[in-house]
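Chains as they are written, first to last, in our numbering: chain A, 25 to 241; chain B, 25 to 241.
Number of protein chains: 2
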Amino acid sequence: MARRDRDPSPVVPKAAAARLSLYLRFLESLREHGVPTTSSQKLAAGVGVTAAQVRKDLGYFGQFGLPGIGYRIDHLVDELRRILGTDRTWNVALVGIGNLGSALAEYRGFERQGFRFVALFDRDPAIVGRAFGSLAVDSIESVEPVVRVRGVELGIIAVPAPAAQEVADLLVAAGIRGIYNFAPAVLQLPPQVAYVSIDLAVELEQLSFSVTQQRPT
Amino acid sequence: MARRDRDPSPVVPKAAAARLSLYLRFLESLREHGVPTTSSQKLAAGVGVTAAQVRKDLGYFGQFGLPGIGYRIDHLVDELRRILGTDRTWNVALVGIGNLGSALAEYRGFERQGFRFVALFDRDPAIVGRAFGSLAVDSIESVEPVVRVRGVELGIIAVPAPAAQEVADLLVAAGIRGIYNFAPAVLQLPPQVAYVSIDLAVELEQLSFSVTQQRPT
């Protein structure tokens with residue numbers, strides 16, 4: 025599969041965890057518009073699922089609704105952030121500062137969710153030393169000390185596929201707790217390391233597959 | 025869910041379609057190394073599934089193995105590209121040339137798979153006219169004529185969430201056949217338009233969820 029994500033926990037289905045992110049986005053947009061409370065019906069409509077699904081998904085983590093009021097948006101936003109781990113800042117290292125890596129290094133969407141790049145690595149001496157904001161690219165050789173000193177917890181891999189496993193091994197050896205892999209490669213990781221994998225071109229290929237199968241050319 | 029992809033066809037499971045992309049990547053890397061043939065066992069090992077799964081997935085589309093030989097890699101690569109629709113070039117429009125959009129416009133991984141940007145759009149007059157390679161950013165107002173004249177078939181949406189549905193409507197009205205959505209929004213699309221959706225920060229949030237649930241902080 026294009027995404028080979030481990031189940032985040034033995035009890036919560038992966039799809040439910042993914043929906044929590046969508047609920048959070050929708051609640052944040054309601055809050056920006058000054059809305060104080062909502063209902064499972066409105067939340068469901070905003071995200072494109074049923075109200076029963078909303079109640080079931082939230083039910084894995086507690087009882088958040090109030091009779092006659094529904095959900096207090098401030099409270100539910102806080103709770104969802106706590107559950108998703110985005111009530112805090114994560115120190116992130118990015119390995120592979122090619123085309124995609126450079127784009128990711130400059131992408132502001134991560135920081136908004138609390139993911140902060142504290143280290144960038146590449147193996148190419150022509151790229152090592154290049155600055156992105158206040159951060160300079162370090163040599164891949166220094167992954168272990170840099171990860172330890174800067175307290176890196178999550179690693180993003182944006183290297184070519186043949187180098188991905190070696191980079192993953194370096195990150196794991198340095199004590200990283202989760203890997204977000206953009207390389208089109210299947211990584212072997214110890215069970216305690218969380219893993220999400222994505223290939224942008226594969227996703228686009230799935231789109232061309234859908235179009236092709238719908239109306240063969 | 026972070027990805028709300030429609031089933032590409034009534035008979036082929038979405039996960040099987042996604043694995044075809046992985047088989048193709050692995051076969052291409054074997055071919056680069058001069059390997060002429062492979063087996064479902066080797067293909068399975070390379071991708072991290074069982075040999076039975078490989079045979080079942082390929083079986084949806086035909087009989088590709090030869091007794092005593094296995095799969096001829098050249099042939100299977102051609103067949104998978106035909107099935108996935110990447111045996112041809114797709115004309116792609118990208119809407120939203122902010123941080124992420126600029127990164128996508130410069131990402132070479134799409135073109136390698138046959139996805140060619142032929143149009144870039146933004147609503148910001150400060151961005152309209154900016155050049156990416158030989159392509160200049162057009163105004164969002166000109167989506168319909170540009171899409172028609174340049175024969176755009178697939179659209180990538182990289183605008184902020186509140187603008188995503190409006191952009192999708194414009195693309196659909198212009199006759200686009202598939203949409204790849206990076207905005208954290210649920211899009212309402214007619215059934216004949218293929219759809220793949222991805223939110224990079226949501227994926228990273230799923231990683232922090234996994235880490236958080238594994239070892240509560």
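Backbone N, C-alpha and C define an ideal beta-carbon position, used for all residues, glycine too.
{"query": "Paired residues, beta bridge with A:S221 - DSSP", "result": "A:N205"}
{"query": "Residue-level contact to chain A via CB, B:S33, 8 Å cutoff", "result": "Because B:S33 sits at a pLDDT of 46, beneath the cut-off of 50, its placement in the model cannot be relied upon, and the following sentence gives the value as read from the coordinates. By this cut-off, B:S33 is an interface position."}
{"query": "8 Å Cβ cutoff met for B:A129 and B:V176", "result": "no"}
{"query": "Runs of beta strand (DSSP E) lying entirely within the region 168-199 of chain A, each at least 3 residues, in chain order", "result": "178-181"}
{"query": "Positions along the region 221-234 of chain A whose CB lies within less than 7 Å of some CB in chain B", "result": "I222, L224, A225, V226, E227, L228, E229, Q230, L231, S232, F233 and S234"}
{"query": "Nearest candidate by alpha-carbon position, reference B:K80, set B:D111, B:D98 and B:A39", "result": "B:A39"}
{"query": "Cβ-Cβ distance between B:Q302 and B:A69 below 8 Å", "result": "Summary: the structure shown does not reach residue 302 of chain B, with chain B confined to residues 25 through 241, and so no result is reported for it."}
{"query": "Outcome for B:S232 when other beta-carbon atoms lying within 10 angstroms are tallied against a minimum of 16", "result": "buried"}
{"query": "Cβ-Cβ distance between B:A49 and A:P208 below 8 Å", "result": "Before going on, a small fix: residue 49 of chain B reads as Arg here, not Ala. Result yes, Cβ atoms of B:R49 and A:P208 sit closer than 8 Å."}
{"query": "Cross-chain neighbours of B:N123 in chain A, by beta carbon under 9 Å", "result": "A127, E130, Y131, R132 and G133"}
{"query": "B:Y95 Cβ short of 7 Å to the ligand ADP heavy atom set", "result": "Because no ligand of any kind appears in the structure shown, any question about the ligand ADP cannot be addressed here."}
{"query": "Any 3 or more C-beta pairs closer than 8 Å across the region 162-182 of chain A and the region 193-211 of chain A", "result": "yes"}
{"query": "Stretch-stretch touch, CB-based, cutoff 8 Å, three pairs: the region 124-139 of chain B with the region 210-222 of chain B", "result": "no"}
{"query": "Spatial neighbours of B:A188 in its chain, beta-carbon cut-off 8 Å, leaving aside the 5 residues before and after", "result": "I181, N205, A207, A209 and L211"}
{"query": "C-alpha distance - A:S63 paired with B:F145, whole-angstrom precision", "result": "37 Å"}
{"query": "Own chain, CB closer than 8 Å to A:L124, minus 5 neighbours either side, in chain order", "result": "A182, F206 and L224"}
{"query": "Residue range of the unbroken beta strand (DSSP E) whose run includes B:G140", "result": "Note that residue 140 of chain B is Arg in the sequence shown here, rather than Gly. Run containing B:R140: F139 to D146, per the beta strand (DSSP E) assignment."}
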